[in-house]
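Protein sequence lines correspond, in order, to chains A and B.
In terms of this note's numbering, the first sequence is numbered consecutively and its last residue is 118.
In terms of this note's numbering, the second sequence is numbered consecutively and its last residue is 345.
From the three backbone atoms N, C-alpha and C, an ideal C-beta is built for every residue, glycine too.
Single-structure report; data block below.
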Amino acid sequence: MSTPRTNPSFMNGVPELLVLRHLSQEKMYGYELIRAIRRSTGDVISLGEGVIYPTLHELEREGALASRTVKVEGRPRVYYRITAKGRRRLESVRTDWSRITAAVAGVLRGTDHAQPAL
Amino acid sequence: MPNPPFESLRSALLRIGVSPRYVRRYCAELSDHYHMVVEENRSAGLTPEEATVDAYRQLGDEETLFRSVVQHPAAFAFARRRSGITFLLLPIPALYATKILIVLFSVLAGLLASRCPVFSIGWVNLVRPIAHLALDYGAPLTVALLYCILAHRRGCRPLWPLLSALLIAFVAGCVQFEMHRPVLDVGFVRAGVGVASFAVTPILMVPAFVYVFFQAFRRHVEAASTA
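As structure tokens, this is what we get:
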């Protein structure tokens, strides 16, 4: 049941990308989203689960997500969905991420085009 | 281990000035998440004790949860994010809004007193000096006091309410609004703004006293919570 926490220094921007990607498919609440992220990353990415909420709130404040609160078993549950602005942001973050991972992968393979500048 | 519904996290976040609305929502979401994990663990065969321990471990320790909120500036209350506007600009409209409320209340009280046979003319004449006292001293003191409470509740730096108190005292002591009731043979209301004599000292002393009182109260609360 327990999985080791992912190294935080590798994680800058990753929660945002994963949240936007998963919410672009369907609306979810926090717990559901965490489970979906775990499932889709094969348990490789595991954050402190409470940490996801400030990320969701920040994205909502910036207009990338919208939320709706529903009472379930007497407890408020907040469902998040992506907005048009969020979809544009997802595309932008996805492009940045692909560029960076390709460059880092190139460096690790030692290819000529990705030699670090000295 | 935190206690549901995350009481110590809630008070720690409020103490450093995170917006109460944000704290309410964050703690409600954490609480819902916690219950879902506990239910999942129980259905996986864990004992109630193991299920709660694992739920807290998955959510993250309180320090992590706390830091994940405070690194987002937008989570903080307006008074913390825009202290300059809150403590140096808004006190002036707040002061004059309070004064307008006092004037309206005084006019209403005067009208009611003059129409009610229970009150003698002596009572009616008392409304005017009481209203003046409330306008000159009551309004600035009330607003200064409210700003002290606001600063205390939002965890703002102690300098801000002190600056507010000084500003309120200066404006209240130096700017005077006058309004005269209609005179029968003239038939209009006269209003004006002028520079008053510098009667700020008593107004200044009392907010300062209130501020010192609140600082002492704050230290007392912090010492009690540490103990």
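(message) Taking CB distances under 7 Å as the criterion, tell me whether G178 of chain B reaches chain A.
(response) For this step, residue 178 of chain B is matched to residue 60 along the second sequence. So, interface residue.
(request) Using a Cβ cut-off of 7 Å (strictly closer), state whether P54 of chain A contacts chain B. (result) Within the first sequence, residue 54 of chain A is the residue found at index 54, counting from 1. P54 of chain A counts as touching chain B.
(request) Report the three-state DSSP secondary structure of P235 of chain B (helix, strand or coil). (result) For the purposes of this step, residue 235 of chain B is taken as the residue at position 117 of the second sequence. Coil.
(request) Could you name the residues of chain A that A192 of chain B contacts, counting a contact when the two beta carbons are closer than 7 Å? (result) To locate residue 192 of chain B, count along the second sequence from 1; it is residue 74. Within chain A, the residues near A192 of chain B are E58 and R61.
(message) Can you tell me whether P247 of chain B is helix, strand or coil according to DSSP?
(response) Within the second sequence, residue 247 of chain B is the residue found at index 129, counting from 1. Helix.
(message) With H, G and I counted as helix, E and B as strand and the rest as coil, what does DSSP make of A36 of chain A?
(response) The sequence position of residue 36 of chain A within the first sequence is 36, counting from 1. Here A36 of chain A sits in helix by DSSP.
(request) Could you name the residues of chain A that A146 of chain B contacts, counting a contact when the two beta carbons are closer than 7 Å? (result) Translated into positions along the second sequence, residue 146 of chain B becomes position 28. Going along chain A in sequence order, the residues near A146 of chain B (Cβ under 7 Å) are P76.
(request) Determine the burial state of D150 of chain B: buried for a count of at least 16 other Cβ atoms within 10 Å of its Cβ, exposed for fewer. (result) Here residue 150 of chain B is taken as the residue at index 32 of the second sequence, counted from 1. D150 of chain B should be labelled buried.
(request) Could you name the residues of the same chain whose beta carbon sits closer than 8 Å to that of I220 of chain B, not counting the 5 residues immediately before and after it, in chain order? (result) By one-based count along the second sequence, residue 220 of chain B stands at place 102. The answer, listed in chain order, is A249, A252, L253, G256 and A257.
(request) Give the DSSP-derived three-state secondary structure of A64 of chain A in the structure shown. (result) For this step, residue 64 of chain A is matched to residue 64 along the first sequence. Here A64 of chain A sits in coil by DSSP.
(message) Considering only the alpha carbon of each residue, which of A:I52, A:D96, A:L59 and A:A64 lies closest to T83 of chain A?
(response) For the purposes of this step, residue 83 of chain A is taken as the residue at position 83 of the first sequence. If we check each option's Cα against that of T83 of chain A, A:A64 comes out closest.
(request) Use the C-beta contact count for Y31 of chain A: other C-beta atoms within 10 angstroms, 16 or more gives buried, fewer gives exposed. (result) Walking along the first sequence from the start, residue 31 of chain A turns up at place 31. Using a 10 angstroms sphere on the CB of Y31 of chain A, the tally of other CB atoms reaches 16 or more, which defines it as buried.
(message) What does the Cβ neighbour count give for E125 of chain B, buried or exposed, with the cut at 16 atoms within 10 Å?
(response) As a first step, residue 125 of chain B must be located in the second sequence, where it is residue number 7. Exposed, by the Cβ-count rule.
(message) Using a 10 Å radius around the Cβ and a threshold of 16 neighbouring Cβ atoms, would you call S98 of chain A buried or exposed?
(response) The sequence position of residue 98 of chain A within the first sequence is 98, counting from 1. The residue is exposed, with fewer than 16 neighbouring Cβ atoms inside 10 Å.
(message) Contact criterion: CB-CB distance below 7 Å. Does G30 of chain A meet it with respect to chain B?
(response) Counted from its first residue, the first sequence places residue 30 of chain A at position 30. True, the Cβ-Cβ gap to chain B drops below 7 Å.
(request) Within the same chain, show all residues whose beta-carbon is closer than 8 Å to that of F351 of chain B, passing over the 5 residues directly before and after it, in chain order. (result) Here chain B covers residues 119 to 345 and nothing more, so residue 351 of chain B does not appear.
(message) For V78 of chain A and R68 of chain A, what's the separation of their Cα atoms in angstroms?
(response) Taking the first residue of the first sequence as position 1, residue 78 of chain A is located at position 78. Taking the first residue of the first sequence as position 1, residue 68 of chain A is located at position 68. So the two alpha carbons sit approximately 6 Å from each other.
(message) Less than 7 Å between the beta carbons of V156 of chain B and A173 of chain B, yes or no?
(response) Here residue 156 of chain B refers to the residue found at position 38 of the second sequence. Here residue 173 of chain B refers to the residue found at position 55 of the second sequence. Closer than 7 Å, so yes.
(request) Starting from K71 of chain A, follow its DSSP beta bridges and name the residues at the other end. (result) Your numbering for residue 71 of chain A matches position 71 in the first sequence. Looking at the DSSP assignment, K71 of chain A forms a beta bridge with A:P76.
(message) So with CB distances below 8 Å, who are the chain A contacts of V187 of chain B?
(response) In the second sequence, counting from the first residue as 1, residue 187 of chain B sits at position 69. Residues of chain A passing the Cβ test: P54.
(message) Is the beta carbon of A215 of chain B closer than 7 Å to that of T204 of chain B?
(response) Working through the second sequence from its first residue, we reach residue 204 of chain B at position 86. Working through the second sequence from its first residue, we reach residue 215 of chain B at position 97. With contacts defined by Cβ atoms closer than 7 Å, T204 of chain B and A215 of chain B do not form a contacting pair.
(request) Can you say whether N159 of chain B is buried or exposed, counting buried as having 16 or more other CB atoms within 10 angstroms of its CB? (result) Walking along the second sequence from the start, residue 159 of chain B turns up at place 41. The residue is buried, with at least 16 neighbouring Cβ atoms inside 10 Å.
(request) Please classify I134 of chain B: does DSSP put it in a helix, a strand, or coil? (result) On the second sequence, residue 134 of chain B is found 16 positions in, with the first residue counted as 1. Under the three-state reduction of DSSP, I134 of chain B is assigned to coil, being neither helix nor strand.
(request) Please list the partners that G50 of chain A has in chain B, where partner means a Cβ-to-Cβ separation under 8 Å. (result) The sequence position of residue 50 of chain A within the first sequence is 50, counting from 1. Listed along the chain, the chain B residues whose CB falls inside 8 Å of the CB of G50 of chain A are L148, H151, L177, G178, T182, L183 and S186.
(request) State the DSSP-derived secondary structure class of I82 of chain A, mapped to helix, strand or coil. (result) Reading the first sequence from its first residue, position 82 is the one you call residue 82 of chain A. DSSP places I82 of chain A in strand when its eight states are reduced to three.
(request) Use the C-beta contact count for R109 of chain A: other C-beta atoms within 10 angstroms, 16 or more gives buried, fewer gives exposed. (result) Residue mapping note: residue 109 of chain A aligns to position 109 of the first sequence, counting from 1. Label assigned to R109 of chain A: exposed.
(request) Would you mind sorting C234 of chain B into buried or exposed? The rule is 16 or more other CB atoms within 10 Å of its CB. (result) Locating residue 234 of chain B in the second sequence gives position 116, counting from the first residue. Under this definition C234 of chain B is an exposed residue.
(request) Would you kindly work out how many angstroms separate the C-alpha atoms of S161 of chain B and I37 of chain A, rounded to a whole number? (result) The residue you call residue 161 of chain B lines up with position 43 of the second sequence. The residue you call residue 37 of chain A lines up with position 37 of the first sequence. C-alpha separation (whole angstroms): 21 Å.
(message) Rounding to the nearest angstrom, what Cα-Cα distance links V289 of chain B and A193 of chain B in this structure?
(response) Taking the first residue of the second sequence as position 1, residue 289 of chain B is located at position 171. Taking the first residue of the second sequence as position 1, residue 193 of chain B is located at position 75. Using only the alpha carbons, I get a separation of about 33 Å.
(message) Checking the sheet assignment: what are the DSSP bridge partners for Y29 of chain A?
(response) The sequence position of residue 29 of chain A within the first sequence is 29, counting from 1. Answer is A:Y79.
(request) At 3 residues or longer, and completely inside the segment 176-221 of chain B: list those beta strand (DSSP E) runs for me, N to C. (result) Here no run is fully enclosed.
(request) Compare the Cα-Cα distances from C266 of chain B to each of B:L213, B:F332, B:L229 and B:F223 and report the closest residue. (result) Here the question's residue 266 of chain B lines up with position 148 in the second sequence. Out of B:L213, B:F332, B:L229 and B:F223, B:F332 has the C-alpha closest to the C-alpha of C266 of chain B.
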